[in-house]
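To convert, count from 1 in the sequence shown and add 374; that's the working numbering. For each residue, glycine too, the CB sits at the ideal point set by N, CA and C. The model shown is predicted, which means the values in this text are computed figures rather than measured ones. These notes are about the structure you will find just below.
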Amino acid sequence: MNTMTGQIAEFTSSLVCDRLPADVLEKTKVSLLHNLGVALAGGPLGAPWGYAEALGEAGTNASARLLLNGRAATPETAAFVNAALIHARAQDDVYFPGLTHIGAIVTPAVLAVGEQLGSSGRDMMTALVAGYEAAGAVSQGFAQRTTARGFRASGLYGGFGAAAGVARLLGLGKGATANALGIAASMAAGTNQTWVAGTQEWQFQVGLAARNGILAARLAAAGGTGAPDALEGSAGFYKAFMGDLAHVEQVGLDLGSTWRSLDVTYKPYPVCAILQGPVLEAVALAQQHDIDAKDISGIRLSLTPAEASYPGTDCRGPFSDVGATLMSAQFCLAVALTQRRVRGADMRRFSDSSLLALANRIEVNANSQLKARSFVLEIDLTDGRTVQRSYNPSGEPFNWDREEVMRHLRSMQDELPLGPDELEHLGAVVLSAEDRTVREIVSAGVVGA
Numbered sequence: 375m376n377t378m379t380g381q382i383a384e385f386t387s388s389l390v391c392d393r394l395p396a397d398v399l400e401k402t403k404v405s406l407l408h409n410l411g412v413a414l415a416g417g418p419l420g421a422p423w424g425y426a427e428a429l430g431e432a433g434t435n436a437s438a439r440l441l442l443n444g445r446a447a448t449p450e451t452a453a454f455v456n457a458a459l460i461h462a463r464a465q466d467d468v469y470f471p472g473l474t475h476i477g478a479i480v481t482p483a484v485l486a487v488g489e490q491l492g493s494s495g496r497d498m499m500t501a502l503v504a505g506y507e508a509a510g511a512v513s514q515g516f517a518q519r520t521t522a523r524g525f526r527a528s529g530l531y532g533g534f535g536a537a538a539g540v541a542r543l544l545g546l547g548k549g550a551t552a553n554a555l556g557i558a559a560s561m562a563a564g565t566n567q568t569w570v571a572g573t574q575e576w577q578f579q580v581g582l583a584a585r586n587g588i589l590a591a592r593l594a595a596a597g598g599t600g601a602p603d604a605l606e607g608s609a610g611f612y613k614a615f616m617g618d619l620a621h622v623e624q625v626g627l628d629l630g631s632t633w634r635s636l637d638v639t640y641k642p643y644p645v646c647a648i649l650q651g652p653v654l655e656a657v658a659l660a661q662q663h664d665i666d667a668k669d670i671s672g673i674r675l676s677l678t679p680a681e682a683s684y685p686g687t688d689c690r691g692p693f694s695d696v697g698a699t700l701m702s703a704q705f706c707l708a709v710a711l712t713q714r715r716v717r718g719a720d721m722r723r724f725s726d727s728s729l730l731a732l733a734n735r736i737e738v739n740a741n742s743q744l745k746a747r748s749f750v751l752e753i754d755l756t757d758g759r760t761v762q763r764s765y766n767p768s769g770e771p772f773n774w775d776r777e778e779v780m781r782h783l784r785s786m787q788d789e790l791p792l793g794p795d796e797l798e799h800l801g802a803v804v805l806s807a808e809d810r811t812v813r814e815i816v817s818a819g820v821v822g823a
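This is the structure in C-alpha cells:
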C-alpha cells in the first residue's frame, strides 16, 4: 500500500514545468513576486544579517546569496536568513487552510539551492510548485488541531514543502523524495509561545524549516532513509502533534486535481493574517468618519473564538519586539485608526504613549456565531455615536493577480530600497521567471546588483 510520503513524492517528483496548469504557473510567479517585494521592505524590521555569523556562513560552499545585500553564504545559511527576511514583516503569503506561511519557507530554500546548482527558472518554478503543493497537502485541515495544542503551523508543515521543492530541484525520484519527506517529519518544530512572550522565535522557525528542508533533501540524496509511514504511523507526525489520527487517510490523494498553490493569499499590511481585514476596515472607518483618536471612548473587535484566542491576538503590551506588536489586535488597530495606514516602521513604536493609550481602550471578544475570517468592529465615539463595520467573507479578498501585487508594491515604494525603475525591473524579471535563471531572479532581489 502506498504511504502518504510516497503518495506526495510520486506527485512532486514527476512534476514538469511544461505540464503545469497555466494558472498554477502564473500564481506561483505572483507569489514569488509578492514575497521578494516584502523581503526587500523587511530590512528595517528584520535585518537578520547577524544570524549569518551565528550560523557560520563563511566557507568553501558560499555559493548562494542573501537577499537585499547580496552577501555570499552557504545555501543552508542563505535559506535561513532569507526566510527570516521574507517573514520579517509577517506580510509574506499565507495558506489559510493550513495556517502556514509556505512561501517564506519554500522560496528561500529553492532559491538558495537553485543558485548553487545554476538552475534554470523553469526548474525553479517546478520546485516551487512542488513545495507549495506538498506543504499544503500535509497541513490542510490539520493546522487548527495542532495549533490548539500549542504548535505553530509554519514550523510544523513548512519543512515538508522545502524538502519536496529541493528534492525536485535535485532531480530525486519518488523513493528518495519520500525519504526526504520522512526525514523532514522528524525536523518539524515550533511553538506559539513566541507570540505570547514577544520574542523572536517566529522568525527563526521559518528559517529552520527552510534550512532543514534542504538538509532533509540532501540526506535523502546521499542515501539517508526516512520512515515510510512518517506521517500516518502509530508513533508518527500526526499522532505526535495532534494526539490522534482522525481524518488523515486522505492526505495526498487529490494532488494534481486540487492545486493548493491557487489558494495562497497575500497581505496588504505588515500585521498578522487574522488582523488584515480588521485593520483594512479600521482605516476605512477613520477616513469615512474623520475619526480622531481623542474622540474614541472604546473599541470592540469580535472574532471567532479560535482567532480571538490565537496566541498574541489579544494583547495590550508591554511590547519589545515586532513579533508582539504585529500580532496584537489592540496595537494594530490603534496604528490604523491614528495613522489611517500601517507601515512596517509603525510596528517598532513599542513605547508610543498615544498608541498605547488607545490600545488600552480596545477589547477583543470571541463570538461563536462568526465564521472563519469574519469579524465585527465597533467604535464608540465620545459624542455618543457608534460606528461599525462587519465582514463576512464569501471569497478571498487578498488572492491577488499580478497587477494587484504590483500595484500594492508600488504603494509601498517609500518603504522599499528600490527606485521606481528598479521595482518595475523586479516585477519584469519575476513575472517571466520561467525564461530566466535563478541567479537572475536572486539578483533582482539584491539592491545594487
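Limits of the beta strand (DSSP E) - the one that residue i falls within
i	result
residue 754	749 to 755
residue 763	760 to 765
Beta-carbon proximity check, residue i vs residue j, cutoff 8 Å
i	j	result
residue 815	residue 495	yes
residue 611	residue 619	no
residue 756	residue 724	no
residue 687	residue 710	no
residue 382	residue 629	yes
residue 734	residue 748	no
residue 719	residue 580	no
residue 498	residue 812	yes
residue 527	residue 473	yes
residue 531	residue 635	no
residue 701	residue 415	no
residue 447	residue 489	no
residue 410	residue 804	yes
residue 673	residue 752	yes
residue 406	residue 491	no
residue 576	residue 697	yes
residue 572	residue 683	no
residue 524	residue 565	yes
residue 649	residue 689	no
residue 644	residue 570	no
residue 830	residue 553	Nothing about residue 830 can be read from this structure; the chain reaches only from 375 to 823.
Extent of the continuous alpha helix (DSSP H) run through residue i
i	result
residue 513	495 to 513
residue 665	Run containing residue 665: none; DSSP gives neither H nor E here.
residue 727	727 to 733
residue 695	Here residue 695 belongs to no alpha helix (DSSP H), and DSSP marks it neither H nor E.
residue 799	794 to 804
residue 714	Here residue 714 belongs to no alpha helix (DSSP H), and DSSP marks it neither H nor E.
residue 617	From DSSP, residue 617 is part of no alpha helix (DSSP H); its letter is neither H nor E.
residue 786	First-last for residue 786: undefined, no H or E at that position.
residue 770	Careful: residue 770 lies outside any alpha helix (DSSP H) and carries neither H nor E.
residue 624	It is not in any alpha helix (DSSP H) - residue 624 carries neither H nor E in the DSSP assignment.
residue 402	396 to 414
Which residues DSSP lists as bridging residue i, in chain order
i	result
residue 439	446
residue 525	565
residue 673	736 and 753
residue 469	474
residue 820	442
residue 629	632
residue 811	494
residue 573	BP columns for residue 573 are empty, so no partner.
residue 639	468
Buried versus exposed, by CB contacts within 10 Å (16 or more), residue i
i	result
residue 375	A caution first: residue 375 carries a pLDDT of 49, below 50, which makes its placement in the model unreliable, though a value can still be read off. Burial call: exposed.
residue 475	buried
residue 819	buried
residue 621	exposed
residue 467	buried
residue 652	buried
residue 657	buried
residue 408	buried
residue 602	buried
residue 668	exposed
residue 481	buried
residue 788	exposed
residue 770	exposed
residue 394	buried
residue 403	buried
residue 681	buried
residue 655	buried
Interface flag, residue i vs chain B, CB-CB below 8 Å
i	result
residue 527	Here there is only one protein chain, and chain B is not present.
Checklist line | Three CB pairs or more closer than 8 Å across the segment 481 to 490 and the segment 800 to 810 | finding: Because the criterion of three Cβ pairs below 8 Å is not met, the segment 481 to 490 and the segment 800 to 810 do not touch.
Next item on the list: Take every Cβ of the segment 587 to 596, pair it with every Cβ of the segment 550 to 561, and state whether three or more of those distances are shorter than 8 Å.
Entry: The segment 587 to 596 is in contact with the segment 550 to 561.
Note to self: When you compare the segment 578 to 588 with the segment 444 to 463, are there three or more beta-carbon pairs, one atom per stretch, that lie closer than 8 Å?
What the structure shows: Touching, yes.
Checklist line | the segment 511 to 522 / the segment 435 to 450 touching (three or more Cβ pairs under 8 Å) | finding: Here the segment 511 to 522 makes no contact with the segment 435 to 450; the two share fewer than three CB pairs at distances below 8 Å.
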